[in-house]
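For what it's worth, the working numbering labels the leading residue of the sequence shown as 444, then goes sequentially.
Before any comments, here is the structure.
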Amino acid sequence: MPTATGAHWARRKTHVITCHLRYEIDPSQTVAFETYVTGWIPIVTRFGGTHHGCFLPHESANDIAYALFSFPSLAAYEDYRAAIRQDPEAQQLWQLSTETRCIRRFDRTFLRPAMQPSGGVEAT
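Set out below in structure tokens:
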């Protein structure tokens, strides 16, 4: 079993980090939520991230939505989190979500890409 030392650890620390957000929304506030969630796209981009999209309910549960975005590293994501606390556009979006109560709750999960091993091991 590989250990988290040396070059292997250095590669793991620099992996892209993807944030997967699962929202439970108020179905009567879908328009407000769509404004909120799509408003994050230019903010994430401005702070060096890549937004992969927002996904609203359609032909399924009417109160579950998703968003995905990535940063080059966990450190870059943490820099983004610190910066948005002072960002006027982010503050407006938080205010919108508070006033409309369009978000009932959310879960944030961090993912990393599965990388093909570089050891030349072939499947048998």
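Even for Gly, the Cβ is constructed at its ideal location relative to N, Cα and C.
**Q.** Limits of the beta strand (DSSP E) - the one that residue 496 falls within
**A.** Under the DSSP assignment, residue 496 falls in the beta strand (DSSP E) whose first and last residues are 493-498.
Q. So residue 460 and residue 553 are in contact, right, with Cβ under 8 Å, and what is the actual spacing, rounded?
A. 6 Å
**Q.** Cβ neighbours of residue 470 in the same chain (closer than 8 Å, five flanking residues each side left out)
**A.** 500, 505, 506
Q: In the DSSP assignment, find the unbroken alpha helix (DSSP H) run with residue 465 in it and report its ends.
A: Per DSSP, residue 465 belongs to no alpha helix (DSSP H); it is in the beta strand (DSSP E), 460-468.
Q) To the nearest angstrom, how far is it from the Cα of residue 477 to the Cα of residue 530? A) Taking the straight line joining both Cα atoms gives about 20 Å.
Q.
If you reduce the DSSP assignment to three classes, tell me which class residue 551 lands in.
A. strand
Q.
Shorter than 6 Å, the distance from the beta carbon of residue 552 to the closest heavy atom of the ligand PLP, or not?
A. The model on display carries no ligand, and the ligand PLP is accordingly not part of it.
Q. Leaving out five residues before and five after residue 548 in sequence, what residues of the same chain have Cβ atoms less than 6 Å from its Cβ?
A. 467
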